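Peer 1:
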Ligand SMILES: Cc1cc2nc3c(=O)[nH]c(=O)nc-3n(C[C@H](O)[C@H](O)[C@H](O)COP(=O)(O)OP(=O)(O)OC[C@H]3O[C@@H](n4cnc5c(N)ncnc54)[C@H](O)[C@@H]3O)c2cc1C
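Residue numbers (the numbering used here): 21 to 453.
#1: Pull up the distance between the alpha-carbon of residue 168 and that of residue 48, whole angstroms please.
#2: Could you please give the first and the last residue of the uninterrupted alpha helix (DSSP H) stretch that includes residue 207?
#3: On the criterion of 16 or more Cβ atoms from any shown chain inside 10 Å, does residue 291 qualify as buried, or is it exposed?
#4: Do the CB positions of residue 199 and residue 245 come within less than 8 angstroms of each other?
#5: Under the rule that 16 or more other beta-carbon atoms within 10 Å means buried, what is residue 211, buried or exposed?
#6: For the beta strand (DSSP E) holding residue 424, just list the boundary residues, first then last.
#7: Work out the CA separation of residue 391 and residue 345 for me, nearest whole Å.
#8: Using 7 angstroms as the cut-off, classify the Cβ of residue 397 as near or not near the heavy atoms of ligand 1, replying yes or no.
#9: Taking 7 angstroms as the line, does the beta carbon of residue 373 fall inside it for any heavy atom of ligand 1?
#10: Where does residue 32 fall in DSSP's three states?
#11: Beta-carbon within less than 6 angstroms of residue 204's beta-carbon, same chain only, minus the 5 sequence neighbours each way: which residues are those?
#12: Taking one C-beta from the region 132-142 and one from the region 104-115 each time, how about it: are there three or more such pairs within less than 8 angstroms?
#13: Just list the beta strand (DSSP E) runs in the region 97-159, keeping only unbroken ones of 3 residues or longer that don't cross its boundaries, in chain order.
#14: Please identify the residue among 156, 208, 222 and 218 whose C-alpha is closest to the C-alpha of residue 191.
#15: Which residues share a DSSP beta bridge with residue 69?
#16: What would DSSP say about residue 22, mapped onto helix, strand or coil?
#17: Among the candidates 238, 21 and 449, whose CA atom is the shortest distance from the CA of residue 418?
#18: Are the beta-carbon atoms belonging to residue 131 and residue 122 less than 8 angstroms from one another?
#19: Ends of the beta strand (DSSP E) at residue 39?
#20: Determine whether the beta carbon atoms of residue 83 and residue 43 lie at a separation below 8 angstroms.
#21: Would you say the beta carbon of residue 63 is closer than 7 angstroms to some non-hydrogen atom of ligand 1?
#22: How far does the beta strand (DSSP E) with residue 227 in it extend, from its first residue to its last?
#23: Which residue wins for smallest C-alpha separation from residue 237, given the options 313, 95, 78 and 334?
#24: Under 8 angstroms: do the region 338-358 and the region 371-390 share three or more Cβ pairs, one atom per stretch?
#25: Would the beta-carbon of residue 122 be found less than 7 angstroms away from any heavy atom of ligand 1?
#26: Since residue 321 is in the beta strand (DSSP E), which residue starts that stretch and which ends it?
#27: Can you say whether residue 151 is buried or exposed, counting buried as having 16 or more other CB atoms within 10 angstroms of its CB?
#28: Can you give me the start and stop residues for the alpha helix (DSSP H) that residue 397 sits inside?
#29: Just the C-alpha distance for residue 146 and residue 26, rounded to the nearest angstrom, thanks.
#30: Should residue 183 be labelled buried (16 or more other beta-carbon atoms within 10 Å of its own) or exposed?
#31: Alpha carbon to alpha carbon, what distance is there between residue 410 and residue 67?
#32: Taking 8 angstroms as the cut-off, does the region 163-182 touch the region 258-274 (at least 3 CB pairs, one atom from each stretch)?
#33: The alpha helix (DSSP H) that contains residue 333, what's its start and end?
#34: For ligand 1, is there a heavy atom less than 7 angstroms away from the beta-carbon of residue 68?
#35: Could you give the C-beta distance for residue 111 and residue 126, rounded to a whole number, given that I count them as a contact under 8 angstroms?
#36: Starting from the Cα of residue 61, find the closest Cα among 282, 161 and 405 and give me that residue.
The structure is reproduced here in structure tokens:
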């Protein structure tokens with residue numbers, strides 16, 4: 021097992037930086053058990069792609085990315101078992117080669133399985149990624165390993181655990197048969213797409229709306245399952261569309277100094293990059309997941325029950341269109357849909373849910389981005405929940421008001437980790453410990 025001493029841990033976009041005393045790179049469960057057992061304070065990290073300060077900040081760190089083997093398949097049950105440091109893209113490529121899929125994928129493929137599960141990572145038109153776990157093992161604070169199956173009561177707490185109940189070790193996913201999506205994309209006025217959400221969720225197998233703040237427009241992406249051999253009219257749109265990120269970077273470069281320029285930049289970006297239509301087909305992974313990203317962005321994301329969403333959306337839109345409050349928002353705000361489940365810390369606990377992303381295209385100046393504050397205030401007011409991996413300011417008092425099972429989760433955490441081994445300062449605040 022490799023060990024580095026006295027170094028500096030830096031998150032993907034350099035917004036979170038901490039010193040550490042020991043950093044271990046593990047390759048076996050036994051090594052993981054030994055370090056957890058012998059550490060007073062410990063955090064495990066994957067690809068370091070979370071905006072929230074949840075992955076380090078204590079003296080002992082474990083880099084889980086070398087604990088990344090595919091362990092087994094069950095061909096008749098369509099399940100695959102992997103170690104938690106595996107990168108999502110590797111999992112998806114292997115299951116696609118077998119003719120399987122996981123039917124709800126995030127818009128990023130460089131994250132680890134453990135990081136994705138611990139923070140409630142999701143896609144659209146399906147359930148959270150962690151809902152596809154059929155069984156897993158975790159290394160508890162005392163170094164012992166506990167196996168948990170779908171039949172255990174603990175599964176509803178473990179699916180989204182922020183890494184505070186133990187370290188996820190081996191995970192078995194339930195896959196489904198691979199399918200092909202026929203994807204159609206194009207712009208629509210807010211007055212058109214907003215009232216059609218429920219009808220479209222019933223009609224289509226995939227729905228995602230990239231809302232374009234300050235333009236009154238959304239860019240709607242719909243997908244329908246088709247036979248893999250069905251011919252469709254492929255239309256990738258104008259070739260200059262691939263320059264969207266570069267154009268955004270240039271246009272938003274000084275919006276931390278002149279926030280109002282965002283409204284003008286968004287109109288230009290809409291005209292240049294979101295006003296045409298596209299049509300294509302492919303698997304969910306190939307046709308809808310972005311494969312490469314620069315590290316220049318900072319993210320927040322809030323979630324709200326499907327029925328409440330139109331009201332929250334209208335309130336947010338009115339608020340950010342007031343030029344007085346400086347809450348100008350970069351393109352796009354990603355609107356996605358997650359179906360209800362029973363996991364304690366899930367955004368979709370007991371209700372179908374809408375998620376709405378908020379991006380600052382300039383990570384270094386994210387602290388001055390007023391939009392993060394306005395979005396949080398409005399969503400919290402209506403009972404919304406923050407994405408665990410992204411930027412938010414809410415703590416125990418607010419979270420206990422929106423998570424029905426918050427108290428139960430806290431009690432379980434205390435039982436499994438009485439010495440608070442897995443809490444860093446950020447998580448201590450979150451749990452009011
Ligand atoms: C460009 C971009 C796009 C994104 N798109 C989406 C999206 O579409 N949908 C979505 O929901 N999220 C999205 N995210 C958020 C992302 O899924 C989470 O930040 C995820 O946690 C990142 O995984 P990671 O491997 O980098 O984890 P890290 O950031 O390294 O760790 C995250 C947390 O997981 C814990 N952890 C890591 N491994 C384990 C383990 N084995 N056991 C227990 N705890 C563990 C860490 O301690 C930490 O608390 C996106 C993020 C970025 C930067």
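The beta-carbon is built from N, C-alpha and C at its ideal position, and this holds for glycine as well.
This structure is a prediction, so every number in the text was calculated from the model and none was measured.
Peer 2: This is what the structure holds:
#1: Residue 168 and residue 48 have their alpha carbons spaced roughly 19 angstroms apart.
#2: Premise fails: residue 207 lies in the beta strand (DSSP E), 200-209, not in any alpha helix (DSSP H).
#3: Exposed, since its Cβ has fewer than 16 Cβ neighbours within 10 Å.
#4: Contact: yes.
#5: Taking every protein chain shown into account, the CB of residue 211 has fewer than 16 other CB atoms within 10 angstroms, so this residue is exposed.
#6: Bounds of any beta strand (DSSP E) do not take in residue 424, whose DSSP letter is neither H nor E.
#7: Put simply, the backbone Cα of residue 345 is about 9 angstroms away from that of residue 391.
#8: False, no ligand heavy atom lies under 7 angstroms from that Cβ.
#9: Relative to ligand 1, even the nearest heavy atom lies 7 angstroms or more away from the CB of residue 373.
#10: The answer is coil: DSSP assigns residue 32 none of H, G, I, E or B.
#11: The beta carbon of residue 204 sits closer than 6 angstroms to the beta carbons of 242 and 299 from its chain, once the five residues preceding and following it are set aside; these are given in chain order.
#12: Yes, they touch.
#13: Fully enclosed beta strand (DSSP E) runs of no fewer than 3 residues occupy 99-103 and 153-159 of the region 97-159, in order along the chain.
#14: Among 156, 208, 222 and 218, the Cα nearest to that of residue 191 is on 156.
#15: DSSP, once it has assigned bridges, lists no residue as partnering residue 69.
#16: Here residue 22 sits in strand by DSSP.
#17: Nearest option by C-alpha distance: 449.
#18: For residue 131 and residue 122, no; Cβs fall outside 8 angstroms.
#19: That run of the beta strand (DSSP E) goes 37-45.
#20: At the C-beta level, residue 83 and residue 43 come within 8 angstroms of one another.
#21: Yes, the Cβ of residue 63 comes within 7 angstroms of a heavy atom of ligand 1.
#22: Going by DSSP, residue 227 is part of the beta strand (DSSP E) stretching over 226-232.
#23: For the residues 313, 95, 78 and 334, the minimum Cα distance to residue 237 belongs to 334.
#24: By the criterion of at least three beta-carbon pairs nearer than 8 angstroms, the region 338-358 is in contact with the region 371-390.
#25: Not one heavy atom of ligand 1 lies closer than 7 angstroms to the C-beta of residue 122.
#26: Residues 318-325.
#27: Around the beta carbon of residue 151, a 10 Å sphere encloses 16 or more other beta carbons of the protein chains shown; the residue is thus reported as buried.
#28: 390-401 is the span of the alpha helix (DSSP H), which, as asked, contains residue 397.
#29: Looking at the two C-alpha atoms, the distance is approximately 43 angstroms.
#30: Residue 183 comes out buried.
#31: Their Cα atoms are separated by approximately 14 angstroms.
#32: By the Cβ test, the region 258-274 is not in contact with the region 163-182, since fewer than three Cβ pairs between them sit closer than 8 angstroms.
#33: Where residue 333 is concerned, the enclosing alpha helix (DSSP H) stretches over 329-340.
#34: In this structure, ligand 1 has a non-hydrogen atom nearer than 7 angstroms to the beta-carbon of residue 68.
#35: That belief does not hold up - the Cβ atoms of residue 111 and residue 126 are roughly 12 angstroms apart, past 8 angstroms.
#36: Of the listed residues, the one whose Cα sits closest to residue 61 is 161.
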